[in-house]
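All residue numbers for the sequence shown refer to the numbering used here, where the first residue is 2 and numbers rise by one.
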Amino acid sequence: MALVPCPECGRSISTAASACPGCGHPVAGQRRGLDGDVAGKAVSGIATWLVVPWIARAIVAVVGVIALFTFLGTR
Ligand SMILES: [Zn+2]
Numbered sequence: 002m003a004l005v006p007c008p009e010c011g012r013s014i015s016t017a018a019s020a021c022p023g024c025g026h027p028v029a030g031q032r033r034g035l036d037g038d039v040a041g042k043a044v045s046g047i048a049t050w051l052v053v054p055w056i057a058r059a060i061v062a063v064v065g066v067i068a069l070f071t072f073l074g075t076r
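Take a look at the structure:
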């Protein structure tokens, strides 16, 4: 936890506070950091959700093609 000067009134405000207690000015840095964290997690979550099934499908497709050719070859 650190104290930063409020850009509006100059009062020292905690970075843990969402807004300046003196003038109500929002603490932009803290808010941006939180939003960035949530956005980053959402992006990596969506990326994992999109990529993992694709990899699973690719493996199933390759194994399926090999099994099919093996099956056709043995007949
Ligand atoms: Zn202020």
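Glycine included, C-beta positions come from ideal geometry on N, C-alpha and C.
Just so you know, these numbers come straight off a predicted model, no measurement behind them.
Exposed or buried, which one is Cys24 when buried takes at least 16 other CB atoms within 10 Å? exposed
With distances taken from CA atoms, which of Leu51, Trp55, Pro6, Arg58 is nearest His26? Pro6
Assigned secondary structure, Ala57 (DSSP; H/G/I helix, E/B strand, else coil): helix
Name the DSSP beta bridge partners of Pro6, please? Ser13
So, for Pro8: in the same chain, excluding its five sequence neighbours on each side, which residues have a beta-carbon less than 7 Å away from its beta-carbon? His26
Compute the beta-carbon to beta-carbon distance between Ala18 and Val28, rounded to the nearest angstrom, for a pair I have assumed lies under 8 Å. 6 Å
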